[in-house]
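S.K.: Going by this note's numbering, the letters in the sequence shown line up with residues 1088 to 1406, in that order. Glycine included, each C-beta is placed from N, C-alpha and C at the ideal position. Predicted, not measured: the structure shown is a model, and the values here were computed from it. After the structure tokens below, expect a handful of questions from me.
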Amino acid sequence: MIEQCRQLSLAIFGYIAFDYDLRTLDDENHSNENELCCALHTFHNTAVDLMQLPTVIGRIYLLLNQKYRRSQAIINQYLQRMIDQELAENPTTRAERKRTCLIASLVTSLQQDEMLEATKSEEDRKGLSRIEVMNEMCSFLAAGFSTTSAALAWFIHLMSKYPLVQSKLKTELAEYHHQRLSIEQLNSLSYLDCVLREVLRSAPPIIGTLRTLQIDDRLPSSARGARYWLGPIDPDQFYPERFQNEDNTIRNKAAWIVFGGGHRQCMGQDLARLELKAICARLMQHVTFSDGGPDVNAGGYKHADTLLPKRIGVTITFD
């Protein structure tokens, strides 16, 4: 289930950000394995390992890690293909698209003569080298699918555990039957907003950030701390209705910082919310998730590059 969520999220992000079919869903053998998904998974896990190592040791670790180097080569192949596909487009068309298309904007910024630009000072250089563009694309690609896929996996798990919440979602969507939803209709789904916020509060894909402390400190429980959440419902309980009247629910807005805070908060959070909401709405229009039993759907937490359900196994009924 988790791997399928990854493949779906990656396919969608490929279209949105790069106008490119990553073909992560073309699995005729139903092996649930895709080379790009596997490569990005290795890339993420290696990054987590590096955070725990001194800089010098980390560099040696990368040099000796053959699995990581193979994964990086696979990722670079895909990035090169995306750039080449965009370069094949008409320059005039690309210039018109760059305000609304990430790949068009990045490719438009490519240096015309990398060797010439390399001889200039940092202040006089214009544009980005191909390697710099690829690094930017890799950052967007890595960040753009893993968190969304983790949130989607948690949504599926929690819906199987809370059938009443799932029933309320289906009631909210009932007037639209199985039709495609417009952006206005999607924005009108207020209960789905509450459910997704509660999913992200209960199981945030990213549970920390990188900071260097000058003195020892102890962080509060924030997203699950009773001192920050009003109302009769225990903060440890999954209860989407707590967000229906937000002003009376949260004592401190910083208690819910799924996307970070300040000027370094997630730049793609609006896209992530829209993507997750659209996927979950379509799922609730077509399928019902049921608990697969304690042996396979016990939940728990598994933390790597994102926070994932440790055990997720659901039954799916097509409505």
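Assuming contact is defined by CB atoms lying nearer than 9 angstroms, are Thr-1375 and Lys-1257 in contact in what I supplied?
M.R.: Yes, they are a contact pair.
S.K.: For Glu-1120, count neighbouring Cβ atoms within 10 angstroms of its own Cβ and tell me buried if that reaches 16, exposed if not.
M.R.: exposed
S.K.: Hey, could you find the ends of the alpha helix (DSSP H) Phe-1232 is sitting in?
M.R.: It spans 1217-1248 - the alpha helix (DSSP H) in which Phe-1232 sits, taken as one unbroken run.
S.K.: Could you check how far apart the C-beta atoms of Leu-1239 and Ser-1377 are, in whole angstroms? I think they sit under 8 angstroms.
M.R.: Not confirmed; about 17 angstroms, so no contact.
S.K.: Let me confirm a value: Val-1135 is counted as buried when at least 16 other C-beta atoms fall within 10 Å, else exposed. Which label applies?
M.R.: exposed
S.K.: Per DSSP, Gly-1386 forms a beta bridge with which residues?
M.R.: Arg-1398
S.K.: Any idea if Val-1220 is buried or exposed, counting beta-carbon neighbours within 10 angstroms, 16 or more meaning buried?
M.R.: Result: buried.
S.K.: Assuming contact is defined by CB atoms lying nearer than 9 angstroms, are Ile-1161 and Glu-1223 in contact in what I supplied?
M.R.: For Ile-1161 and Glu-1223, no; Cβs fall outside 9 angstroms.
S.K.: With 16 other CB atoms within 10 Å as the buried threshold, where does Gly-1348 fall?
M.R.: exposed
S.K.: At the level of alpha carbons, what is the spacing between Ser-1269 and Thr-1129?
M.R.: 37 angstroms
S.K.: Contact between the stretch 1229-1243 and the stretch 1279-1291 is defined here as three or more beta-carbon pairs at a separation below 8 angstroms; is this criterion met?
M.R.: Counting C-beta pairs closer than 8 angstroms gives three or more between the stretch 1229-1243 and the stretch 1279-1291, which meets the contact rule.
S.K.: When you compare each of Asp-1357, Asn-1163, Asp-1303 and Asp-1171 to Gln-1228 by their alpha carbons, which one comes out closest?
M.R.: What sits at residue 1228 in the sequence shown is Leu, not Gln. Minimum Cα distance to Leu-1228 is reached at Asn-1163.
S.K.: For Leu-1361, tell me which candidate among Leu-1279, Glu-1328 and Ile-1399 has the shortest Cα-Cα distance.
M.R.: Leu-1279
S.K.: Can you give me the start and stop residues for the alpha helix (DSSP H) that Tyr-1192 sits inside?
M.R.: The sequence shown places Ser at residue 1192, rather than the Tyr named in the question. It spans 1189-1195 - the alpha helix (DSSP H) in which Ser-1192 sits, taken as one unbroken run.
S.K.: Exposed or buried, what is Tyr-1155 when buried is set at 16 or more other beta-carbons lying within 10 Å of its beta-carbon?
M.R.: So Tyr-1155 counts as buried.
S.K.: Please state the DSSP three-state secondary structure of Ile-1403.
M.R.: strand
S.K.: May I ask you to report which of helix, strand or coil DSSP gives Asp-1378?
M.R.: Here Asp-1378 sits in strand by DSSP.
S.K.: If we call anything under 9 angstroms between Cβ atoms a contact, is Lys-1364 one with Leu-1276?
M.R.: yes
S.K.: Does the distance from the C-beta atom of Leu-1166 to that of Leu-1149 stay below 9 angstroms?
M.R.: no
S.K.: Residues in the same chain with beta-carbon distance under 8 angstroms from Arg-1168, minus the five sequence neighbours each way, listed in chain order, please.
M.R.: Tyr-1107
S.K.: Answer yes or no: do Gly-1189 and Leu-1215 have a C-beta to C-beta separation smaller than 9 angstroms?
M.R.: Gly is not the amino acid found at residue 1189; the sequence shown has Leu there. Cβ distance not < 9 angstroms, so Leu-1189 and Leu-1215 don't count as in contact.
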